[in-house]
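2 protein chains.
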Amino acid sequence: VSRVDSPPFNKAAMDGFAERSPDVAELPATLALVGDSFAGGWPEFRVGPGQAARITTGSPVPEGADTVVMVEHTEELEGGRVRVLKLSGSNICPRGEDMRRGETVARAGEFLSPLGVGVAASAGHERLAVFRRPRVALLCTGTEVVEPGRPVARGQIYNSNGPMLSALLGPLAEEFRYLGVVGDEPGRLREAIRRGLQADLFVISGGVSVGQRDLVPPTLEELGVRRVFHRCAIKPGKPTYFGVRDGAAAFGMPGNPLSCFVVFQVLVRPAIRRLMGLRCAEPAFRDGVMDESFGNKPGRRNFLPCTVRAREGVCHLRRTRSHGSADITGARSADALLSLPADCSGVEKGETVRFLWSGPHFPPFSPGG
Amino acid sequence: VSRVDSPPFNKAAMDGFAERSPDVAELPATLALVGDSFAGGWPEFRVGPGQAARITTGSPVPEGADTVVMVEHTEELEGGRVRVLKLSGSNICPRGEDMRRGETVARAGEFLSPLGVGVAASAGHERLAVFRRPRVALLCTGTEVVEPGRPVARGQIYNSNGPMLSALLGPLAEEFRYLGVVGDEPGRLREAIRRGLQADLFVISGGVSVGQRDLVPPTLEELGVRRVFHRCAIKPGKPTYFGVRDGAAAFGMPGNPLSCFVVFQVLVRPAIRRLMGLRCAEPAFRDGVMDESFGNKPGRRNFLPCTVRAREGVCHLRRTRSHGSADITGARSADALLSLPADCSGVEKGETVRFLWSGPHFPPFSPGG
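Chains B and R supply the protein sequences, listed in that same order.
Each residue of the first sequence is one higher than the one before, starting from 1480 at the first, in my numbering.
Each residue of the second sequence is one higher than the one before, starting from 1480 at the first, in my numbering.
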């Protein structure tokens, strides 16, 4: 709630001279100067009939005056007088025009943008109570996964989910902790999961399929996590796990890097926004036009990385090269994820489709939905 | 440049059984199991005619095998045999399909997105040489300006540019230093400006008009800054100053908060992107349709805060309430800045216009332009 009127006084919008409008009803008019009003000061005088005051942009308009004439439309004369040659509006911003004392200027659950911060400051607030961003922990699993920079043995691959998820999660977290890679030794996995569950949001990459070695869901549940879902009708991202414990949330992400990226955009980012206290947490899907025809296997809601190019104000989409759910090399040039409904058996060129911005330059959320 | 092929071996895309395709040309077919291939290991055996190996998703396909049949399409039999009932493609991702050893996977001057980080990691890179973000300093000037939370005397206003510019600049800076508010006492101003010039980018709010008390440009130049421009043909933002010294850059911003915001979006953010080493630094203006008619005074390129709503894939714009270049309360709901050319005398409803995303959720830069 604003503590002040903004502007807090009738304010000059121009450098010039303040006077009474009846005195400049006929032009040219010559007026006697009775004082100056500069920014930061307060004019302790009154402008009477036939009088004017020198004034700078942003300064308080002296009592009695109701118009400011631009300096360019005047001539200063000897003997403390000014001749007014031309008018162009009153050039006064009235007290309280932008914001009134007592007016609500920010609400809980809104994102506080830089302009919102500026508004809260002009309202007199030095501090605002806000929701804390979540503390986030990340763990990577997989006996085949080796951190980049180390030697890889035959059958092993470099860890790309760890660095990618760190880049995605880090900027959204109050505190971000990367717990490294663990293999499938149950004791070590259990210990790492116990540490990760201290965060508000715990993200685990890999180990969530239903195979023999996929120990993440049972270990989470042994440690008190309540399963909300395991397996999800999206493609890629089917093995995704989600559970909660004492207000903390845990995501088990697919090990395939592109699946992991899609699940981040579609499920994890909205969860983080909810944990941040934002009312508007859901991904904002937008309309575009597909620039190519292709078939689709119905079954699950399908997300395909696409480039987006605007032509005459309309977004046109094309799929990026893809060799499947491990191929982030192809998906890297994507601006968005095309979203095909579960019953879609194909898209025709020119058809209207729904998409979610997913490129680094297009966060998918807008206050306007 | 990639240090490895990705995938580094022929990789199973499914849980199932690996075998030779001639052996499953006629179905059902019964094969003898000769081993297992699990993720993280390496199959030290060969699949010969009439043989198969148990295999999990992401694991290396054993030598000799050229197809993987999904576990759902098989029956395991007694005596270490498996019956294959159905085929659905080869389910193998061939070595090097996504990325080849020696291939260029990132270039100087590109923004390294989270997916780009993931790609660099799969290419085996633990560290990449990147441009440092600039160190940024911010100074606010004005005798009338008081920090929020302190008492305001008559004629004074709360500092909104300081908090707003901190929120805009902070996340883009390697190191951000806020130098507070100084009045117009020349010695203190000079000292503050000297400190600010130690940063890579120095932003000063206020004191750049051509009035008697506008001491920022002369003080910058006394301290060795070379003027690049002072006054700019944009509205708002006319008094903007820009100068350089020894690779450091200084912006003198208008004191009016909305002007300050516009100049940040149109000039300062692109400068920061250039300082970050990004090839694509210019603001990306996009096409939209104006949803109302209004007149415009020609003269300078005019930027007006607007809301943007997508309808059938087209962006529709409306101006937000504005009482002029101090009114950030009205501009706060804006998603974008409408850009009118200098000779524009008005816009008709339905006319195509150019705009720049400026809301917190729509950074205005896209790799695709």
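Glycine residues also receive a C-beta, built at the ideal position from the N, C-alpha and C atoms.
Because the structure is a prediction, the values reported are computed rather than measured.
Using the beta-carbon count (16 or more within 10 Å), is residue i buried or exposed?
| i | result |
| --- | --- |
| F1517 (chain B) | buried |
| S1500 (chain R) | exposed |
| L1607 (chain B) | exposed |
| T1583 (chain R) | exposed |
| G1588 (chain B) | exposed |
| F1610 (chain B) | exposed |
| K1714 (chain B) | buried |
| D1663 (chain B) | buried |
| A1815 (chain B) | buried |
| F1708 (chain R) | exposed |
| E1554 (chain R) | exposed |
| T1831 (chain B) | exposed |
| F1844 (chain R) | Only weak support is given to the placement of F1844 (chain R): the predicted model assigns it a pLDDT of 38, under 50, and the question is left unresolved by the model. |
| S1824 (chain R) | exposed |
| A1805 (chain B) | buried |
| D1822 (chain B) | exposed |
| G1731 (chain R) | buried |
| D1693 (chain R) | buried |
| L1835 (chain R) | buried |
| Q1677 (chain B) | exposed |
| E1623 (chain B) | buried |
| S1772 (chain B) | exposed |
| R1797 (chain R) | exposed |
| G1558 (chain R) | exposed |
| E1498 (chain B) | buried |
| F1841 (chain B) | For F1841 (chain B), the predicted model reports a pLDDT of 45, less than 50, meaning its position is unreliable; a value from the coordinates is still stated below. Its Cβ being crowded by 16 or more others within 10 Å, F1841 (chain B) is buried. |
| G1848 (chain R) | Residue placement at G1848 (chain R) cannot be trusted, given a pLDDT of 26 that sits under 50; what the coordinates show is reported in the next sentence. The residue is exposed, with fewer than 16 neighbouring Cβ atoms inside 10 Å. |
| R1533 (chain R) | buried |
| R1748 (chain B) | buried |
Pull up the DSSP beta-bridge partners for residue i, would you.
| i | result |
| --- | --- |
| T1831 (chain R) | R:V1768 |
| S1516 (chain R) | R:I1534 |
| H1795 (chain B) | B:V1768, B:R1788 |
| I1571 (chain R) | R:A1491 |
| A1511 (chain B) | B:Q1530, B:R1560 |
| H1709 (chain R) | R:Y1720 |
| W1521 (chain B) | Answer is none; W1521 (chain B) lacks a bridge partner. |
Please confirm whether residue i and residue j have their CB atoms less than 8 Å apart.
| i | j | result |
| --- | --- | --- |
| D1515 (chain B) | A1508 (chain B) | no |
| D1577 (chain B) | T1535 (chain B) | no |
| G1597 (chain B) | I1636 (chain R) | no |
| D1491 (chain B) | S1538 (chain B) | Reading the sequence as shown, one finds Ala at residue 1491 (chain B) and not Asp. Yes, they are a contact pair. |
| V1625 (chain B) | N1638 (chain B) | yes |
| L1680 (chain B) | V1741 (chain B) | no |
| A1531 (chain R) | L1512 (chain R) | yes |
| R1706 (chain B) | P1718 (chain B) | no |
| V1548 (chain R) | V1563 (chain R) | yes |
| L1506 (chain R) | V1561 (chain R) | no |
| A1646 (chain R) | P1784 (chain B) | no |
| A1780 (chain B) | L1819 (chain B) | Contrary to the premise, residue 1780 (chain B) reads as Arg rather than Ala in this sequence. Yes. |
| P1696 (chain R) | G1716 (chain R) | no |
| P1839 (chain R) | F1764 (chain B) | no |
| G1792 (chain B) | S1801 (chain B) | no |
| A1544 (chain B) | V1526 (chain B) | yes |
If you compare alpha carbons, which of the options is closest to residue i?
| i | options | result |
| --- | --- | --- |
| T1786 (chain R) | R:S1804, R:E1771, R:S1812, R:T1536 | R:S1812 |
| G1703 (chain R) | R:R1692, R:E1557, R:R1673, R:V1483 | R:R1673 |
| C1619 (chain B) | B:R1580, B:V1687, B:A1652, B:G1603 | B:V1687 |
| V1480 (chain R) | R:A1632, R:C1823, R:G1581 | R:G1581 |
| L1469 (chain B) | B:N1735, B:C1572, B:A1671 | Past the boundaries of the shown model lies residue 1469 (chain B); chain B is included only from 1480 to 1848, so the question cannot be answered. |
| V1682 (chain B) | B:V1723, B:R1633, B:G1666 | B:V1723 |
| K1565 (chain R) | R:H1604, R:E1542, R:F1496, R:R1533 | R:F1496 |
| E1761 (chain R) | R:R1752, R:V1768, R:M1643 | R:R1752 |
| G1666 (chain R) | R:A1729, R:T1698, R:A1763, R:E1827 | R:T1698 |
| P1642 (chain B) | B:G1675, B:G1558, B:P1736, B:A1728 | B:P1736 |
| R1656 (chain R) | R:S1801, R:L1668, R:G1675 | R:G1675 |
| C1572 (chain B) | B:K1828, B:F1488, B:S1684 | B:F1488 |
| G1803 (chain B) | B:C1739, B:A1727, B:W1521, B:V1661 | B:C1739 |
| M1755 (chain R) | R:E1654, R:Y1720, R:G1685, R:F1782 | R:E1654 |
Would the C-beta of residue i count as close to the ligand HEM, meaning under 7 Å from any of its heavy atoms?
| i | result |
| --- | --- |
| G1543 (chain B) | Here there are no bound small molecules, and the ligand HEM is not part of this structure. |
Show which residues of chain C have a CB atom less than 8 Å away from the CB atom of residue i.
| i | result |
| --- | --- |
| A1600 (chain B) | Among the chains of the structure shown, chain C does not appear; the protein chains present are B and R. |
Write down every uninterrupted run of the beta strand (DSSP E) in the region 1718–1759 of chain R whose length is 3 residues or greater and which is fully enclosed by it, in chain order. 1720–1724, 1727–1732
Taking only runs that begin and end inside the region 1637–1691 of chain R, name each unbroken beta strand (DSSP E) of 3 or more residues, in chain order. 1654–1661, 1680–1684
Counting only runs of 4+ residues fully inside the region 1594–1620 of chain B, write out the alpha helix (DSSP H) ranges in chain order. none
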